[in-house]
Amino acid sequence: MKRKFNPKTLVALVISVLLIASMAVFALASDGEAATAKMIDCSSCEGVGYTSVCENCEGTNIACADCSTAANVCGDCSGSGQVEAPSRFYSSIWSLLPPVIAIALALITKEVYSSLFIGIVVGGLLYAEGNLVGTITHVFSDGFVANIADSYNMGIIIFLVVLGAMVSMMNKAGGSAAFGRWAKKHIKSRVGAQLATIVFGCMIFIDDYFNCLTVGSVMRPVTDSHKVSRAKLAYLIDATAAPVCIIAPVSSWAAAVAGFVAEEEVSGFQLFLSAIPYNFYALLTIVMMVAITFMKFDYGKMRIHEQNAMNGDLFTSDAESFADSTDDSNVNPKGKVIDLIIPVVLLIIACVIGLIYSGGFFDSTSGAYHNVIEAFSSADASVGLLYGSFITLIITIGYFMIRRVITFKDCMDSVPEGFKAMVPAIMILACAWTLKAMTDSLGAKAFIAGIVESTAGSFANFLPAVIFLIAVGLSFATGTSWGTFGILIPLVLSVFPYSSGPISIIAISACMAGAVCGDHCSPISDTTIMASAGSQSNHLNHVSTQLPYAFTVAGVSFVTYIIAGFVQKAYIALPIGILLMLGTLFIIKAMSKKKA
């Protein structure tokens, strides 16, 4: 079937090309001007000018003779504390242009790969100030090659491939089909299928990557049998990934947040626990999922997808890309439910052990030795999930060989098939990582940090709401919630240290909630991409159907943070937020009925 030409696609691409060309011309023309180079704080000495603390004045007297010795002077900035910025666009509003262009194009053209690549090229042009050779070098050498070769990113890629191989193997063994048959008997309705997905998603709280792919592979047969659209499944997976992990004390996210806190008065983990009741976006997202499931209504583009699903079309569009996922013609008759349950349980156990192993739980020389909390705080998700998934793959092959449900050749054939299934997700991840590298090189984080520092002090009671919005914007534009934590948590604690009382905890929770919200909405977020991969849904369908839901929760969360900034009591603000959430949904349902 030929694809219809969409004039919006051509218009958007032409505008993008003209925009890129105009920026290049502007940058090249600026080369002839006598412009003063932009100076920024030296990263080596953090703007101090000295690399070590003077024993005489403890680094407080810049005129101290001992501090002026060559041994203490920073070599990168020659003691000035300032270095020339890599680009004149560094730490300016222009640094946000690449992700804005990429996201806007993706939503307009429905072409995610080309949109991300254009955003990357725009970032390269800005960084190189229009220089063609510099742009190519920055985009490919500093961008794609450097990010794909990064050990953490490569670990995630291998984890995806291994998980894809396991899903393919379980399908060949008939475990997924057997679970689907069991679910048809025990889960009687669409409401039950959605609630089961929510509950299972909340149970897999260890890591968002693991959550997306595991919940998707297990629950897909169940939701398919009850005619729940793949877009709705993707939303339920995504909404039980990061939003659940950010309120789970034993998770890779808790470890990440704890690692960004450098307060003497309180540990990072204690601060994380204190912030959970104020994490309104995460808590209200769970409320919303359960509410719309019981209320049996949808709105926005999700409503169209759900109506189509009930008529037999689970995908609405791009169904041909996922034809294999709905092919039941070669179901293995030997398969049993246990052939799905045992590999999934093994995967959970192995990944937990892998995470605490990477955090030093079994290392007698580590501070996390036999300390689960410390081990999770120090865990490397890339390493832990890779170890856990690979060990599970080996055991699962042995298990299926003993059960004689599939042959060794079938097991080995599952590896390239699993890799093939994960190629779209890996391609999007590679582009998303490279786009993030472009925004980082342009100083987007420093630009946002400057906004926070200049506005935070003037709005003490409104600070949580302001921080929430800034975190949403930064996380949405960069596609990373952890990067947002790293920028904003230290800034918030510098403005409102833990000793300042509840407002500090509320502001920290607003930072975490906003980061998760932006991550949840962003089409270039790792978690959003993996939710699409886990549900085997078209990525842009997932993004466009999820946005109205995420924005609804974000709006209610924003109002709740304003209330929390004044009352500063979780037991008052949270119930008000829940009532506002439910009231908003009832109003939307009533409006939807009028339009129908």
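Following this note's numbering, the numbering of the sequence shown begins with -13 at its first residue and continues without gaps.
Just so it is clear, CB atoms sit at the ideal spot from N, CA and C, and this is done for glycine as well.
Nearest neighbour of residue i, chosen from the options [CA to CA]
| i | options | result |
| --- | --- | --- |
| Tyr195 | Met424, Ile548, Val458 and Gly520 | Gly520 |
| Val452 | Cys497, Lys580 and Ile381 | Cys497 |
| Met140 | Val369, Met577, Ile515 and Thr546 | Val369 |
| Gly150 | Ser78, Val208 and Val330 | Val330 |
| Ile377 | Leu341, His356, Gly346 and Ser350 | Leu341 |
| Gly504 | Met155, Tyr484, Gln293 and Ala268 | Ala268 |
| Ile334 | Leu565, Thr393 and Cys198 | Cys198 |
| Leu219 | Cys231, Gln256, Val177 and Pro72 | Val177 |
| Ala92 | Ser495, Asn357 and Ala418 | Ala418 |
| Met516 | Ala416, Leu560 and Phe448 | Ala416 |
| Leu379 | Ser352, Phe348, Asn357 and Ala336 | Ala336 |
| Val148 | Glu403, Leu428 and Ser461 | Glu403 |
| Arg74 | Thr466, Ser427 and Asn524 | Ser427 |
| Ser485 | Phe405, Ser127, Ile574 and Leu257 | Leu257 |
| Gly187 | Ile122, Thr271, Phe130 and Gly129 | Thr271 |
| Ser518 | Phe165, Ile339 and Arg206 | Arg206 |
| Val545 | Thr95, Lys158, Leu118 and Asn265 | Asn265 |
As assigned by DSSP and simplified to three states, the class of residue i
| i | result |
| --- | --- |
| Glu70 | strand |
| Ala220 | helix |
| Gly504 | helix |
| Ser137 | helix |
| Leu300 | coil |
| Gln554 | coil |
| Gly18 | Residue placement at Gly18 cannot be trusted, given a pLDDT of 47 that sits under 50; the coordinates are not used to answer. |
| Gly569 | helix |
| Glu97 | coil |
| Ala234 | coil |
| Gly160 | coil |
| Lys282 | coil |
| Gly541 | helix |
| His212 | coil |
| Val11 | The predicted model places Val11 with a pLDDT of 48, which falls under 50 and marks its position as unreliable; any figure quoted below should be read in that light. In this structure, Val11 counts as helix in the three-state DSSP scheme. |
| Asn527 | helix |
| Glu115 | coil |
| Lys320 | coil |
| Ala576 | helix |
| Tyr535 | helix |
| Phe196 | helix |
| Ser511 | coil |
| Thr226 | coil |
7 Å CB neighbourhood of residue i in its chain, flanking five on each side removed
| i | result |
| --- | --- |
| Gln554 | Pro488, Ile489 and Ile492 |
| Ala540 | Tyr267, Val458 and Cys503 |
| Met275 | Ile184, Leu222 and Ala225 |
| Ile412 | Ile143 and Leu146 |
| Val478 | Ile453, Ala493, Ile494 and Cys497 |
Distance CB(residue i)-CB(residue j) smaller than 8 Å
| i | j | result |
| --- | --- | --- |
| Gly110 | His124 | yes |
| Pro229 | His506 | yes |
| Lys282 | Gly160 | no |
| Thr420 | Asn133 | yes |
| Ile510 | Ile89 | yes |
| Gln156 | Asp325 | It should be pointed out that residue 156 corresponds to Met in this sequence rather than to Gln. Yes. Within cutoff. |
| Pro450 | Ala361 | no |
| Ala173 | Ala182 | With the sequence shown as reference, residue 173 is identified as Ile, and Ala is not the correct amino acid for it. Yes, Cβ-Cβ distance for Ile173 and Ala182 is below 8 Å. |
| Leu112 | Trp80 | yes |
| Ala179 | Thr209 | yes |
| Val529 | Leu566 | no |
| Ser77 | Phe552 | no |
| Asn294 | Ser350 | no |
| Lys422 | Thr466 | yes |
| Ser508 | Ala217 | no |
Neighbourhood of residue i by C-beta, 8 Å cutoff - its chain only, sequence neighbours within 5 removed
| i | result |
| --- | --- |
| Leu259 | Pro235 |
| Trp168 | Val323 |
| Ile290 | Thr302 |
| Leu82 | Thr425, Ala430, Phe433 and Ala463 |
Contacts around residue i, its chain only, beta-carbon distance under 6 Å, and the 5 residues preceding and following it disregarded
| i | result |
| --- | --- |
| Ile262 | Ile233 |
| Phe145 | Leu371, Leu372 and Ser375 |
| Val153 | Ser203 |
| Leu571 | Ala277 |
| Ala221 | Reading off the sequence shown, one finds Tyr at residue 221, where the question assumed Ala. Counting only Cβ-Cβ distances below 6 Å, and skipping sequence neighbours, we find Gln532. |
| Val401 | Ala151 |
| Ile142 | Ser368 |
| Ala227 | Asp194, Asn197, Cys198 and Thr513 |
| Asp284 | Glu292 |
| Asn527 | Ala217 |
Any chain C beta carbon closer than 8 Å to residue i
| i | result |
| --- | --- |
| Ala576 | Among the chains in the structure shown there is no chain C, since it carries only a single protein chain. |
Could you name each continuous alpha helix (DSSP H) segment of 4 residues or more that falls completely within the stretch 407 to 474, going from the start of the chain to the end? 430 to 441 and 449 to 464
Write down every uninterrupted run of the alpha helix (DSSP H) in the stretch 325 to 393 whose length is 4 residues or greater and which is fully enclosed by it, in chain order. 358 to 363 and 367 to 389
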